[in-house]
Amino acid sequence: MELDECLLSTPCLNNGNCTSSNGSFACDCATHWKGNFCQFPSVACDSSPCQNGGTCLHFYSSFTCVCPGGYTGENCEIGISECENDLCFNNGTCIITNGSYVCECTENFQGQNCLEVVNACSSYPCNNNGHCVNLEAGYTCICQLGFDGEKCESGPCKLNPCYNNGTCIHHGLSAFCACMAGFSGENCSQDVDECLYDPCGDNFTCENTLGGYECLSCATSDNCSYQSQNTLCGQHPCQSEGTCIGENSTYSCLCKTGWSGNNCETELDGCRNVSCLNGGTCNSSFGNFSCVCPMGYWGEFCELDVDECEISPCWNNGTCVNLLGGYQCNCSDDFDGDQCETEMNMCVSNPCLHGNCSAIPGSFVCHCQTGWTGSRCGEDLDECEFGMCGLNGTCSNTAGAYSCLCSDGVTGQNCDTDLDECLSGPCLNGGHCINLVNGYNCVCEPGYSGASYIDECALGICNNEASCVNTDGSFLCTCGTGWTGNTCQEDINECVLSGCSNNGTCVNTNGSHICQCTEYFKGSYCEEDIDECKEYKPCKNGGNCTNTKGSFFCTCNSNYTGALCNEDVDECYQNPSRCNNGECHNFYGGFLCSCHTGFTGALCNTGSYFINSILLGD
Numbered sequence: 001m002e003l004d005e006c007l008l009s010t011p012c013l014n015n016g017n018c019t020s021s022n023g024s025f026a027c028d029c030a031t032h033w034k035g036n037f038c039q040f041p042s043v044a045c046d047s048s049p050c051q052n053g054g055t056c057l058h059f060y061s062s063f064t065c066v067c068p069g070g071y072t073g074e075n076c077e078i079g080i081s082e083c084e085n086d087l088c089f090n091n092g093t094c095i096i097t098n099g100s101y102v103c104e105c106t107e108n109f110q111g112q113n114c115l116e117v118v119n120a121c122s123s124y125p126c127n128n129n130g131h132c133v134n135l136e137a138g139y140t141c142i143c144q145l146g147f148d149g150e151k152c153e154s155g156p157c158k159l160n161p162c163y164n165n166g167t168c169i170h171h172g173l174s175a176f177c178a179c180m181a182g183f184s185g186e187n188c189s190q191d192v193d194e195c196l197y198d199p200c201g202d203n204f205t206c207e208n209t210l211g212g213y214e215c216l217s218c219a220t221s222d223n224c225s226y227q228s229q230n231t232l233c234g235q236h237p238c239q240s241e242g243t244c245i246g247e248n249s250t251y252s253c254l255c256k257t258g259w260s261g262n263n264c265e266t267e268l269d270g271c272r273n274v275s276c277l278n279g280g281t282c283n284s285s286f287g288n289f290s291c292v293c294p295m296g297y298w299g300e301f302c303e304l305d306v307d308e309c310e311i312s313p314c315w316n317n318g319t320c321v322n323l324l325g326g327y328q329c330n331c332s333d334d335f336d337g338d339q340c341e342t343e344m345n346m347c348v349s350n351p352c353l354h355g356n357c358s359a360i361p362g363s364f365v366c367h368c369q370t371g372w373t374g375s376r377c378g379e380d381l382d383e384c385e386f387g388m389c390g391l392n393g394t395c396s397n398t399a400g401a402y403s404c405l406c407s408d409g410v411t412g413q414n415c416d417t418d419l420d421e422c423l424s425g426p427c428l429n430g431g432h433c434i435n436l437v438n439g440y441n442c443v444c445e446p447g448y449s450g451a452s453y454i455d456e457c458a459l460g461i462c463n464n465e466a467s468c469v470n471t472d473g474s475f476l477c478t479c480g481t482g483w484t485g486n487t488c489q490e491d492i493n494e495c496v497l498s499g500c501s502n503n504g505t506c507v508n509t510n511g512s513h514i515c516q517c518t519e520y521f522k523g524s525y526c527e528e529d530i531d532e533c534k535e536y537k538p539c540k541n542g543g544n545c546t547n548t549k550g551s552f553f554c555t556c557n558s559n560y561t562g563a564l565c566n567e568d569v570d571e572c573y574q575n576p577s578r579c580n581n582g583e584c585h586n587f588y589g590g591f592l593c594s595c596h597t598g599f600t601g602a603l604c605n606t607g608s609y610f611i612n613s614i615l616l617g618d
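Per UniProt numbering, the very first residue in the sequence shown carries number 1; after that it's consecutive.
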């Protein structure tokens, strides 16, 4: 006679349906239960419901997903649009990527969030020893005396002051006119009267002309025939544009300033008795000199230090210290660079102990590894709070992980696999063994007997970590917080009993609840106001942050504006005549005056006592 195990022992637990077949049985388990005897709660994580790399934590018959950075939603199925948070600064374009974002910066900025200013001065664009100052939108050149133009490319010859086809020669900080034969003066505007030197000799009369002279064969100019100039002067023996004066069969050369010798062939050394200071280089120019000064110095002999701090070169409230031949910017903790133009990457110090760091303006965000939590991933996640070992094991939390000590009759990482005690053949005298949860039962052959004792508590009849007391023929479950019912199987909806403060959203979970707070509050019930000033330091460029309940506001200094003090105030637009005798150039955090010729000072309101000298020939 075939045994019906379903009638003999009722092996299927938790409302499972038993089907007997060929001396064995099978259990068809109710929802949320599994195992040969429907003795284990279903682990919702078995179906891998968390998408995009999310970590699944199970709560007996339900689960929750811990999402990686860039994703949210019950199953981590929703990509977070970081571009909605305005993470790309200085007009950068935010591009959404798979779970993250990329900033496409304008030409003057670079870096993850377009906060790093491209140094336009790195290519040395300023000519003639002009000093380059990097600006928010490009650069500006501060020219040496005697030069101007966008790149200091225009020198003293800009206005071409030489007349009568004279040639303007630019040399150092000076210029002079090289005159054609027959002309002299600082602008070649004076005609040379060659007749003063009697170049025609006896029996001839000299008549001066513009740029030359004529020798006439009689005392008066009436009906006189033309006599050519001295033959030797016709051979042009005078070099360096000297003027030849012929007399009979001889000549002499009238040399231009800076030249000497019989034929004006020797250039005078204007640097012979001149010393340019502070590393300046002396250039000789036809008997005159000019000192080409290194960056940071100026003056006729490079004896004066340039006070670079007058143009406020330090960005983001950096303090400028003038040095001999240069300057130094002392930056605040959040900025770096020669001009404090680069915002510090807070991830450089590796603040995330067990996770990956993502830099955001003025701060950072940690994406924790599995098993870790906290703002810096330094807090161990206690997996035992999520019932990882089920009802048949004791959970021990470890750093970044956990371990399960299983009860008799079960095994597996989470103590969710039943041991088949019948494999050891415990039933004697031909008895038929039926495997049970945490034990077995013997169906004896005729003539043999033996008692079966069923301990319901050993079967894990009480759910959700409730304490079980075995009684004669029954049991008693004492439920933990958040559960009710005969076997503590019913969840209490805490959201009905108490809600979340400050517009937080209450989400009921098995045995508990979760408050999803708005971005301005935190705490188990969203009762704690987040001090944005302390947590995020949102006010840029030295702005003063004031925390309020559920928000904050920034009080900016005079050079910045905007909700976060990250917008530059255009001082030149506010006051077009701010630079009294010059042009106003706005840059991030200040402005710069480029003075007209003859004026100096931070606001071009001081008359310069230096004159752009033009050294010209006699």
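Just so you know, even glycine gets a beta-carbon here, dropped at the ideal spot from N, CA and C.
Since this is a predicted model, take the numbers as computed values, not measurements.
With burial defined as no fewer than 16 other Cβ atoms inside 10 Å of the residue's Cβ, what is the status of Pro-446: buried or exposed? exposed
Can you give the Cα-Cα distance for Val-507 and Asn-392, rounded to whole angstroms? 28 Å
So the beta strand (DSSP E) Cys-406 belongs to, where does it begin and stop? 401-406
Asn-502 beta carbon near the ligand MG (any heavy atom closer than 7 Å): Although the ligand MG was asked about, the structure shown includes no ligands whatsoever.
Range covered by the beta strand (DSSP E) that runs through Gln-112: Neither: Gln-112 is in no beta strand (DSSP E) and is coded neither H nor E.
With distances taken between CB atoms, is the gap from Ala-602 to Ile-311 smaller than 8 Å? yes
Please return the same chain residues whose Cβ sits closer than 6 Å to the Cβ of Tyr-525, not counting the five positions on each side in sequence. Cys-500, Ser-501 and Cys-515
Where do the N-terminal and C-terminal ends of the beta strand (DSSP E) with Tyr-573 fall, by residue? That residue, Tyr-573, is in no beta strand (DSSP E); its alpha helix (DSSP H) goes 571-574.
Tell me whether Cys-38 sits in a helix, a strand or coil according to DSSP, three-state version. coil
Checking the sheet assignment: what are the DSSP bridge partners for Gln-144? None; Gln-144 has no bridge partner.
Expected contact under 8 Å - CB spacing of residue 701 and His-354 to nearest Å: Beyond the ends of the chain as shown, which are 1 and 618, falls residue 701; an answer cannot be given.
Three-state class that DSSP yields for Ala-120 in the structure shown: helix
For Glu-267, list the residues DSSP reports as bridge partners. Trp-259
Please identify the residue among Thr-64, Cys-45, Cys-65 and Cys-76 whose C-alpha is closest to the C-alpha of Asn-52. Cys-76
Starting from the N-terminal side, write out each stretch of the beta strand (DSSP E) that is 3 residues or longer and does not extend beyond the UniProt domain "EGF-like" (491-527). 505-509 and 512-516
So, is Thr-597 buried or exposed, given that buried needs 16 or more other C-beta atoms within 10 angstroms? exposed
Residues in its own chain within less than 7 Å of Cys-50 by CB, not counting five upstream and five downstream? Cys-56, Cys-65, Asn-75 and Cys-76
Which residues DSSP lists as bridging Gly-607, in chain order: Phe-599
Would you tell me roughly how many angstroms separate the C-alpha atoms of Leu-497 and Cys-38, rounded to the nearest one? 33 Å
Hey, quick one: how far does the alpha helix (DSSP H) through Cys-462 stretch, first residue to last? Unbroken run through Cys-462: none, as it is neither H nor E.
Could you check whether the Cβ of Asp-491 sits closer than 8 Å to any Cβ belonging to chain C? As a matter of chain content, chain C is missing from the structure shown, which is built from one protein chain.
Would you check if there are 3 or more beta carbon pairs closer than 8 Å linking the region 137-157 to the region 322-336? no
Drop a sphere of 10 angstroms on the beta-carbon of Tyr-588, count the other beta-carbons inside from all chains shown, and report buried for 16 or more, exposed for fewer. buried
From the DSSP secondary-structure annotation, give me the bridge partner or partners of Leu-57. Thr-64
Alpha carbon to alpha carbon, what distance is there between Lys-256 and Gln-227? For Gln-227, the pLDDT reaches just 43, beneath the cut-off of 50, and the residue's location in the model is therefore unreliable, although a value from the coordinates is still provided. Approximately 27 Å between the Cα atoms of the pair.
Unbroken beta strand (DSSP E) run spanning Cys-291, endpoints: 288-292
Cβ neighbour criterion (16 or more within 10 Å) applied to Ser-225: Below a pLDDT of 50, predicted positions are generally treated as unreliable, and Ser-225, at 42, falls in that range; no measurement from the model is reported.
What are the residues that DSSP puts in a beta bridge with Gln-239? Bridge partners of Gln-239: none, in fact.
Can you find the residues in the same chain that come closer than 8 Å, C-beta to C-beta, to Asn-317, ignoring five residues on each side of it along the sequence? Ser-332, Cys-340, Asn-541, Gly-542, Asn-557 and Gly-589
With a threshold of 16 other CB atoms inside 10 Å of the CB of Val-133, please say whether the residue is buried or exposed. buried
Does the Cβ-Cβ distance between Gly-390 and Phe-63 come in under 8 Å? no
Where does the unbroken alpha helix (DSSP H) through Cys-320 begin, and where does it stop? Premise fails: Cys-320 lies in the beta strand (DSSP E), 319-323, not in any alpha helix (DSSP H).
Out of Cys-6, Gly-149 and Asp-4, which has the shortest C-alpha to C-alpha gap to Ser-594? Gly-149
Sub-8 Å separation of Gly-242 and Cys-276 beta-carbons: no
By the three-class DSSP mapping on this structure, what secondary structure does residue 655 have? Missing from the structure shown is residue 655; the chain here goes from 1 to 618 and no further.
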